[in-house]
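Residue numbers (the working numbering): 13 to 263.
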Amino acid sequence: MIINIFLFLAGAVIVLATFASALQTLILPRGSRDLVTHFAFRASWLVFGPLMRMTKTYERRDRIMALYAPVSVMLVVVTWLILVLLGYMLMFYAMGVEPLSAAFRLSGSSLLTLGFATVDTVWLHVLVFSEAAIGLGLVALLIAYLPTMYNAFSKREEAVNLLEVRAGSPPTAVEWLLRSQRNDMLGRMSHSLEPWEHWFAEVEESHTSFLPLVFFRSPQADRSWITAAGAVLDTAAMMMTVVDFPYDDMP
């Protein structure tokens, strides 16, 4: 009896912790350290890290690392489902569903809403319905999460792509200033740099709410949102300290 209570409580804790992890990752609009997400990304790095070190060219490393974030995100979802399945399996076993393989079959049937395993008591029905609701909820949250995250990714990369025209590829502050000087646009640099204030604010908000976005690489190997951000900051610093223009024209 005591063992059954312990198993039931252990299963309930696993399920609640998993659901809290999903809420923190998919809904909470702020940075939050989540153990499940951290574990999934670290586990993925155990595979991608050695693969990256084995490659000799940057282009191959970039192709490999482009898969790191998507694979890690999917691994997070798989980990959630496995933990929910394990937690309910322990609760079913504690409620008298034996042997353990039968509890596993019932938990999997409930989580994936397959319905091939049946129960005959009210409390087991409550557990079955709650597990099915959690499974559907995780899928629904993921369906809403991915388009929102990729929309933020698209907005980030749009500005990075536009910067190539002004500052080259990869972008540099010197190239931006030289092209602006050749096109007689150096005196209007403040207008070119102003949209980047909004870009930095949007990146801070989106990459705090959607932490996996940090690891999503740009579509082209020679483009990077980090390099673009550095080029913009370098350009603003050079305009303030090196370029001989009236202070009113500075960004």
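Heads up, the beta-carbon is just placed ideally off N, CA and C, and yes, glycines get one too.
What residue range is occupied by the uninterrupted alpha helix (DSSP H) comprising residue i?
i, result
"N173", "134 to 179"
"S204", "201 to 221"
"A243", "237 to 253"
"R117", "112 to 123"
"S230", "Premise fails: S230 is in no alpha helix (DSSP H) and is neither H nor E."
"V109", "Careful: V109 lies outside any alpha helix (DSSP H) and carries neither H nor E."
"A185", "185 to 194"
For residue i, collect the residues of the same chain with a Cβ closer than 8 Å to its Cβ; drop the 5 residues on either side in sequence, then sort them by chain order.
i, result
"R65", "none"
"I17", "A106"
"V151", "none"
"T125", "A144, G147, L148"
Using C-beta distances below 7 Å, list every residue in its chain close to residue i, excluding the 5 sequence neighbours before and after it, in chain order.
i, result
"M103", "F20, G23, A24, L139"
"D261", "Reliability fails at D261, whose pLDDT of 46 lies under 50, so the model's placement of it is uncertain and the value that follows must be treated cautiously. Around D261: G199, S202."
"S121", "G127, F128, A129"
"K167", "E214"
"P263", "Only weak support exists for where P263 lies, its pLDDT of 44 falling under 50; the coordinates are left without a value."
"S230", "E169, V172, S236, W237"
"T67", "R73, I76"
"A164", "S218, F222, L225"
Within its chain, find whatever has a CB closer than 6 Å to the CB of residue i; leave out the 5 residues flanking it on each side and keep chain order.
i, result
"D74", "A233"
"T30", "W92, L95, V96"
"R118", "This sequence places Leu at residue 118; Arg is not what is there. Closer than 6 Å at the Cβ level, and outside the excluded window around L118, lie F104, V109, A129."
"M101", "A115, F116, S119"
"F212", "none"
Compare the C-beta of residue i against all C-beta atoms of chain C and say whether one is closer than 8 Å.
i, result
"E206", "Given the protein chain composition of this structure (a single chain), no chain C is represented."
| task | Could you pull out every unbroken alpha helix (DSSP H) segment of at least 4 residues lying fully inside the stretch 19 to 104, listed in chain order? | result | 47 to 66, 70 to 78
| query | Within the chosen definition, does the stretch 220 to 236 reach the stretch 77 to 84 through at least 3 CB pairs nearer than 8 Å? | reply | yes
| request: Decide yes or no for the touch test of the stretch 26 to 44 against the stretch 151 to 160: beta carbon pairs closer than 8 Å, at least 3 of them. | output: yes
| field | Stretch pair the stretch 235 to 255 + the stretch 181 to 195: three plus CB contacts closer than 8 Å | value | yes
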